[in-house]
Structure formats: structure tokens, C-alpha cells
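Undergrad: Take a look at this one; I'll ask things after.
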Amino acid sequence: MIQYHVFRDKFDFFLYLPNYKQLFYLDRNEYETLKSSVDEKIKNNILNFYKNRITKIDEYQNLNTRNKRYGLFLCIANICNAKCIYCFANHGDYGKEKGIMPSEIAYKAIDKFMEMIPKDAEAYIIFFGGEPLLAFKEIINTVEYTNKKYLGEKSYQFHIVTNGTLLSREKIDFFYEHNFGVAVSIDGGRNIQNFQRPLINQKNSYDLIVKNLDYLLRKVKKVHARGTYFDFDISLVKIYDDLLKLGFREVNVPPDILNPNIKNTYPKLLSQLENLYEYIVEYIKVHDDFPFGLFTDHIRRIFMPKIRNAFSCGLGETTYSIDIKGDIYPCHRYSSEIEYKMGNINSGIKKINLNFSFKKCEKCWNRYTCSHGCSYNDLKLTGSSDDKNIYWCIYSQKMTELSLRLIPKLKEKHLKKILGIS
1 MIQYHVFRDK
11 FDFFLYLPNY
21 KQLFYLDRNE
31 YETLKSSVDE
41 KIKNNILNFY
51 KNRITKIDEY
61 QNLNTRNKRY
71 GLFLCIANIC
81 NAKCIYCFAN
91 HGDYGKEKGI
101 MPSEIAYKAI
111 DKFMEMIPKD
121 AEAYIIFFGG
131 EPLLAFKEII
141 NTVEYTNKKY
151 LGEKSYQFHI
161 VTNGTLLSRE
171 KIDFFYEHNF
181 GVAVSIDGGR
191 NIQNFQRPLI
201 NQKNSYDLIV
211 KNLDYLLRKV
221 KKVHARGTYF
231 DFDISLVKIY
241 DDLLKLGFRE
251 VNVPPDILNP
261 NIKNTYPKLL
271 SQLENLYEYI
281 VEYIKVHDDF
291 PFGLFTDHIR
301 RIFMPKIRNA
311 FSCGLGETTY
321 SIDIKGDIYP
331 CHRYSSEIEY
341 KMGNINSGIK
351 KINLNFSFKK
361 CEKCWNRYTC
371 SHGCSYNDLK
381 LTGSSDDKNI
391 YWCIYSQKMT
401 ELSLRLIPKL
411 KEKHLKKILG
421 IS
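Set out below in C-alpha cells:
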């Protein structure tokens with residue numbers, strides 16, 4: 001039988017054929033038949049009817065690609081000025097020695113990374129922490145070193161993930177001068193931000209962020225808000241609305257899959273996502289932009305050919321993390337897991353086998369659209385990086401359904417923006 005998935009909203013019924021990446025509207029009788037009937041012949045007749053409506057140009061073929069985008073998380077500060085209530089990094093030090101990365105180690109880290117990537121690859125150098133702006137002098141030194149040695153020889157971009165509380169005009173001007181991408185870690189409006197992301201000195205993080213936010217958004221082109229959705233009782237719509245009103249041109253607030261209460265609260269998450277979908281539908285009626293980054297990524301994967309990637313983040317293959325001692329890990333989140341250390345900048349690198357796609361993924365209707373989530377989350381929730389946690393699967397499937405429903409409602413200009421078509 002043709003693999004299929006049926007779902008509905010308040011008014012419409014949908015059929016999705018994952019092997020063809022095609023969506024169809026159903027009538028109620030067809031939906032009920034495919035949903036619950038035991039008569040396989042009748043089901044096959046319905047499925048074949050819609051399959052036969054797919055033209056050759058609509059068929060998606062498997063596509064083997066080589067990832068040319070490489071990422072280095074340079075964890076330049078193993079210390080933080082905040083104490084976020086959900087921090088996976090033990091409040092910035094990953095359970096290891098606190099400190100700032102010496103510039104000499106940063107230079108060697110850059111050299112090691114540049115050695116590992118092909119000449120035609122695009123390199124993303126991401127300053128991370130802890131809070132990387134506690135090592136601003138070292139960031140300046142590293143940028144100057146990289147430009148002096150590799151400008152014109154390698155294709156690379158600088159990025160930083162910061163809680164935004166230490167921003168100043170001087171730092172923002174530096175980001176502008178060197179074409180940085182800036183991710184500001186902010187969870188929403190004043191109340192939720194100050195509760196979930198308090199500073200160690202008890203000051204309000206929200207006030208310190210917004211102090212220089214307008215200047216950052218005016219000066220630097222590539223800025224987005226990166227929040228964490230921790231408490232599913234809080235309105236996700238309000239979080240997005242508050243962040244958009246601050247002026248962010250892109251907002252991403254993924255759920256905290258490691259939330260200790262997720263087993264009991266994930267139905268609330270699905271309800272909040274449904275509310276966010278309704279908010280987006282109303283937003284695009286009156287706005288030309290589409291600042292919903294998580295939906296952008298999901299819609300792009302729907303339109304992509306059927307790529308059989310084991311993972312999409314490049315874990316330990318095209319993405320690496322280097323800590324203040326020069327130790328190399330498959331990503332910044334694994335930096336606290338010593339057994340996953342891949343080597344050091346002064347030695348060789350050993351490959352670590354980490355799975356993202358499993359046997360049950362091969363049978364899932366969402367396999368060609370799912371990003372496969374976070375291997376570190378799988379490790380923490382299942383006790384093994386070789387097993388997929390069910391909460392990611394539920395979330396990803398819901399995001400695909402919402403994205404499929406959203407696509408017909410998008411204006412042409414929105415879809416072109418999402419797909420990068422000029």
C-alpha cells in the first residue's frame with residue numbers, strides 16, 4: 001500500500017503522500033475511510049486516485065548531497081553572567097573548569113577547523129559560551145587572526161550567540177564591521193525573561209538587553225531572537241508577539257525537550273503550537289515579512305527533494321565544538337560528556353558514531369521532512385544516543401502538519417522569501 005498520512009483542522013481534511021511530498025484536500029468520507037476503515041481495497045482505491053493526480057514534474061527523487069556548510073562552535077568563555085533555570089551547560093562551565101579561552105588556543109582551534117573542511121566549503125565560526133562577550137578581547141583577537149590568515153583563502157562567516165546583557169555600541173560596531181550574525185538569547189517579554197534567565201547578580205536581564213537592542217537591530221543586518229519555550233502553560237503566541245514588537249526580524253522559540261515535565265505537558269505544547277499557527281495566519285494577512293524561522297526551516301524541508309540525511313546539524317561530521325582547553329567535541333551540547341571527546345587541537349581527531357536516524361524513522365511518514373532533532377536530547381531522555389526520544393517525534397510531526405496547512409495560505413511573496421527565490 002502507498003504510505004500516507006491523514007490529518008485535519010477545524011474545517012479541512014488532508015492527505016499527505018510522503019514519498020511524493022504531495023498534499024491533497026479530502027472530503028470527510030475519504031478522510032474517515034483512510035483514518036479508520038479496515039477495508040484495504042477501498043483505501044487503495046482512494047490512495048491510487050490521488051497518486052495518479054501527481055504529474056512527473058511533481059515527483060520527488062532521492063538526492064544524495066554533500067554538505068558544504070561546516071560549523072565550529074568556539075566555546076570561548078566557560079563562564080556566564082546568567083543563571084538560566086533550564087541551562088544544559090551547568091550555567092556556562094559544562095561541569096568543567098571555569099575560564100576564558102587563551103587567544104593562542106583560539107588561533108589553533110581556527111587552524112584545526114580550517115584544516116578539516118574542504119576548500120570549497122563555507123565555514124561558520126560561532127562564538128559560544130557560557131557568555132562569549134565575557135571574552136570580547138579574545139573574540140577581537142581571533143577575528144583579526146582569522147582574517148589575516150584566511151581572508152581570500154577560505155569562505156567563512158562569523159556568528160555569535162549571546163544573552164545580550166553585555167552588549168554595547170562598541171561591540172555592536174565591531175559586529176557590523178565584521179559582518180557578524182548575532183543570535184540574542186531572549187525568552188520573551190520582561191516577566192518571562194527575568195524569571196527564566198536571571199543574572200547571577202540578581203539584576204534584570206531584560207532591561208540590560210533592550211538597552212542596546214534598538215542600536216543592534218539598526219546596525220547589524222543578521223540578528224535573530226533565539227528563545228527557549230520552557231513552561232507550556234505560558235502563551236507561545238504572546239512570547240512571539242512580544243519579541244516581534246521589540247523589532248526582531250526573525251524569532252525562533254523551540255520547546256525545551258529536556259523539560260522534566262514534558263511527559264505530562266506535551267499535549268499543552270501541541271495546543272500552543274496550534275495557537276501559534278492561527279497567529280501566523282493572521283500575521284501574514286497584513287505583513288510582508290515572515291519572521292518565523294522554525295516554520296521557514298520546516299517549509300523549506302517540505303520543498304526539498306527526498307534527501308536521506310542521517311542528521312541535519314552535521315554532528316561530528318561537519319559541525320564541531322572546541323572548549324577552552326582545546327578539546328574537540330561533536331557539538332557544544334556534548335561538551336559536558338567527556339566520553340564523546342573527539343580529540344584535541346594538538347592531536348588527531350577520532351570519529352564518533354552518533355545516530356540520528358533509526359529503523360523506526362524509516363517507517364515514519366515524516367522522515368523526509370524531519371530534521372531528526374538533537375542527539376544530545378536523545379541521550380539525556382533515553383540514556384542512549386542510539387535511540388530517538390518520542391517527544392521530538394511528536395513535536396516534529398506536528399510542525400510538519402502545521403507547515404503543510406500553512407503553505408496554501410501563504411502569499412507568493414512570503415513563499416519566495418521562505419524559499420530564497422528573488
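Heads up, the sequence shown is in the UniProt record's numbering, so the first residue is 1 and it goes up one at a time.
Built from N, CA and C at the ideal position, the CB exists for glycine as well.
Keep in mind the model is a prediction, meaning the values are calculated, not measured.
Per DSSP, which one or two residues make a beta bridge with P132?
TA: By one-based count along the sequence shown, residue 132 stands at place 132. Note: P132 sits in no beta bridge, so no partner.
Undergrad: Where are the beta strand (DSSP E) runs, 3 residues long or more, that stay fully inside the region 317-362, in chain order?
TA: Correct list: 319-322 and 327-329.
Undergrad: Out of curiosity, what's the CA-to-CA distance linking L381 and E362?
TA: By one-based count along the sequence shown, residue 381 stands at place 381. By one-based count along the sequence shown, residue 362 stands at place 362. Looking at the two C-alpha atoms, the distance is approximately 21 angstroms.
Undergrad: Taking only runs that begin and end inside the region 119-194, name each unbroken beta strand (DSSP E) of 3 or more residues, in chain order.
TA: You should have 122-128, 155-162 and 181-184.
Undergrad: Indicate whether N78 and G95 have their beta-carbon atoms separated by less than 8 angstroms.
TA: Sequence index remark: in the sequence shown, residue 78 carries index 78 (1-based). Sequence index remark: in the sequence shown, residue 95 carries index 95 (1-based). Cβ atoms of N78 and G95: not closer than 8 angstroms.
Undergrad: Looking at the unbroken alpha helix (DSSP H) that takes in R249, where does it start and where does it end?
TA: The sequence position of residue 249 within the sequence shown is 249, counting from 1. Counting along the chain, R249 falls outside any alpha helix (DSSP H), and DSSP gives it neither H nor E.
Undergrad: Where does V220 sit, in a helix, a strand or coil, going by DSSP?
TA: Here residue 220 refers to the residue found at position 220 of the sequence shown. In the structure shown, V220 sits in coil (DSSP, three-state: anything other than H, G, I, E or B).
Undergrad: Go ahead and pull the three-state DSSP assignment for Y229.
TA: Locating residue 229 in the sequence shown gives position 229, counting from the first residue. Correct three-state label for Y229: strand.
Undergrad: Output needed for Y60: all residues of its chain with C-beta closer than 7 angstroms, excluding positions within five of it in sequence on either side, in chain order.
TA: As a position in the sequence shown, residue 60 is number 60, starting the count at 1. Annotation note: pLDDT 49 at Y60 (below 50); position unreliable, coordinate value reported separately. These residues qualify, in order along the chain: Y20, K21, P305 and K306.
Undergrad: Excluding the 5 residues flanking R8 on each side, which residues of the same chain have their C-beta closer than 7 angstroms to its C-beta?
TA: Residue 8 sits at position 8 when you count from the first residue of the sequence shown. So the qualifying residues of the chain are F14 and Y31.
Undergrad: Could you compute how far the alpha carbon of S103 sits from the alpha carbon of V143?
TA: Working through the sequence shown from its first residue, we reach residue 103 at position 103. Working through the sequence shown from its first residue, we reach residue 143 at position 143. The alpha-carbon atoms of S103 and V143 are separated by roughly 10 angstroms.
Undergrad: Using only CA atoms, which one of D378, H372, F292 and N346 lies nearest to E415?
TA: Stepping through the sequence shown from its first residue, residue 415 is reached at position 415. In the sequence as displayed, the identity of residue 415 is Leu instead of Glu. The option with the nearest alpha carbon to L415 is F292.
Undergrad: On the premise that C331 lies in contact with F127, defined as a C-beta separation below 8 angstroms, what is that separation, rounded to the nearest angstrom?
TA: If you number the sequence shown from 1, residue 127 lands on position 127. If you number the sequence shown from 1, residue 331 lands on position 331. That belief does not hold up - the Cβ atoms of F127 and C331 are roughly 15 angstroms apart, past 8 angstroms.
Undergrad: What first and last residue would you give for the beta strand (DSSP E) that runs through Q22?
TA: Residue numbering aside, residue 22 sits at position 22 when the sequence shown is read from its first letter. That run of the beta strand (DSSP E) goes Q22 to L26.
Undergrad: With H, G and I counted as helix, E and B as strand and the rest as coil, what does DSSP make of R8?
TA: To locate residue 8, count along the sequence shown from 1; it is residue 8. Strand.
Undergrad: On the three-state DSSP scale, how would you describe M101?
TA: Your numbering for residue 101 matches position 101 in the sequence shown. Three-state DSSP puts M101 in coil, outside helix and strand.
Undergrad: Are the region 230-241 and the region 117-125 touching, with three or more C-beta to C-beta distances below 8 angstroms?
TA: No, because fewer than three Cβ pairs between the region 230-241 and the region 117-125 fall closer than 8 angstroms, the two stretches do not touch.
Undergrad: Give me, in chain order, the residues of the same chain whose beta-carbon lies closer than 8 angstroms to that of L236; leave out the 5 immediate sequence neighbours on both sides.
TA: Along the sequence shown, read from residue 1 onward, the residue named residue 236 stands at position 236. Only Y229, V253, Q272, L273, N275 and L276 meet the Cβ criterion.
Undergrad: Within 10 Å of its beta-carbon, does T296 have 16 or more other beta-carbons around it, so buried, or fewer, so exposed?
TA: As a first step, residue 296 is located in the sequence shown; it is residue number 296 there, counting from the start. So T296 counts as buried.
Undergrad: Starting from Y70 and walking both ways along the alpha helix (DSSP H), at which residues does that stretch end?
TA: Working through the sequence shown from its first residue, we reach residue 70 at position 70. Element bounds for Y70: not the alpha helix (DSSP H) but the beta strand (DSSP E), R69 to C75.
Undergrad: Can you find at least 3 beta carbon pairs, one from the region 314-324 and one from the region 334-342, that sit closer than 8 angstroms?
TA: A contact exists between the region 314-324 and the region 334-342.
Undergrad: Comparing C-alpha positions only, which one of D173, V223 and L246 sits nearest to G189?
TA: In the sequence shown, residue 189 corresponds to position 189, counting from 1. The shortest C-alpha separation from G189 is found at L246.
Undergrad: Would you identify the three-state DSSP class for Y94, choosing helix, strand or coil?
TA: Position 94 of the sequence shown, counted from the start, is the residue given in the question as residue 94. Of the three classes helix, strand and coil, the one that applies to Y94 here is coil, per DSSP.
Undergrad: Which whole-angstrom value describes the C-beta separation of Y176 and Y145, a residue pair presumed to lie in contact below a C-beta threshold of 8 angstroms?
TA: Within the sequence shown, residue 176 is the residue found at index 176, counting from 1. Within the sequence shown, residue 145 is the residue found at index 145, counting from 1. With 8 angstroms as the limit, Y176 and Y145 do not qualify as a contact, their Cβ atoms being about 20 angstroms apart.
Undergrad: My output table needs one value for P255: the three-state DSSP class, helix, strand or coil.
TA: Counted from its first residue, the sequence shown places residue 255 at position 255. In the structure shown, P255 sits in a strand (DSSP, three-state: E or B).
Undergrad: Can you tell me whether A89 is helix, strand or coil according to DSSP?
TA: Counting from 1 along the sequence shown, the entry for residue 89 is found at position 89. DSSP places A89 in coil when its eight states are reduced to three.
Undergrad: Go ahead and label G130 buried or exposed: buried means 16 or more other beta carbons lie within 10 angstroms of its beta carbon, across all protein chains shown.
TA: The count along the sequence shown starts at 1 and reaches residue 130 at position 130. Answer is buried; the Cβ neighbour count reaches 16.
Undergrad: Any contact of the region 219-226 with the region 192-205, i.e. 3+ C-beta pairs under 8 angstroms?
TA: Segments in contact, no.
Undergrad: Whole-angstrom Cβ separation of C75 and I390, contact assumed at under 8 angstroms?
TA: Numbered from 1 along the sequence shown, position 75 holds the residue referred to as residue 75. Numbered from 1 along the sequence shown, position 390 holds the residue referred to as residue 390. With 8 angstroms as the limit, C75 and I390 do not qualify as a contact, their Cβ atoms being about 30 angstroms apart.
Undergrad: Is the Cβ-Cβ distance between C33 and I46 less than 8 angstroms?
TA: Within the sequence shown, residue 33 is the residue found at index 33, counting from 1. Within the sequence shown, residue 46 is the residue found at index 46, counting from 1. According to the sequence provided, residue 33 is Thr. The question's Cys does not apply to it. Cβ distance < 8 angstroms, so T33 and I46 count as in contact.
Undergrad: Helix, strand or coil: how does DSSP classify L415 here?
TA: Counting from one through the sequence shown, the residue named residue 415 turns up at place 415. In the structure shown, L415 sits in a helix (DSSP, three-state: H, G or I).
Undergrad: Helix, strand or coil, according to DSSP, for Y368 in the structure here?
TA: Residue numbering aside, residue 368 sits at position 368 when the sequence shown is read from its first letter. In the structure shown, Y368 sits in coil (DSSP, three-state: anything other than H, G, I, E or B).
Undergrad: Can you give me the C-alpha to C-alpha distance between S155 and G71, rounded to a whole angstrom?
TA: As a position in the sequence shown, residue 155 is number 155, starting the count at 1. As a position in the sequence shown, residue 71 is number 71, starting the count at 1. Taking the straight line from one Cα to the other gives about 12 angstroms.
Undergrad: Can you tell me whether DSSP reads F49 as helix, strand or coil?
TA: Position 49 of the sequence shown, counting from 1, holds the residue named residue 49. It is helical.
Undergrad: Does N64 come out as helix, strand or coil in the three-state DSSP assignment?
TA: Within the sequence shown, the letter at position 64 stands for residue 64. Confidence is the limiting factor: at N64 the pLDDT is only 48, short of 50, which leaves the residue's position unreliable, though a coordinate-based value still follows. Note: N64 maps to coil in three-state DSSP.
Undergrad: Given S205, which residues of its chain have a CB within under 7 angstroms of its CB, disregarding the five upstream and five downstream residues?
TA: Stepping through the sequence shown from its first residue, residue 205 is reached at position 205. Closer than 7 angstroms at the Cβ level, and outside the excluded window around S205, lie A82, N163, T165, Q193, N194, R197, P198 and L199.
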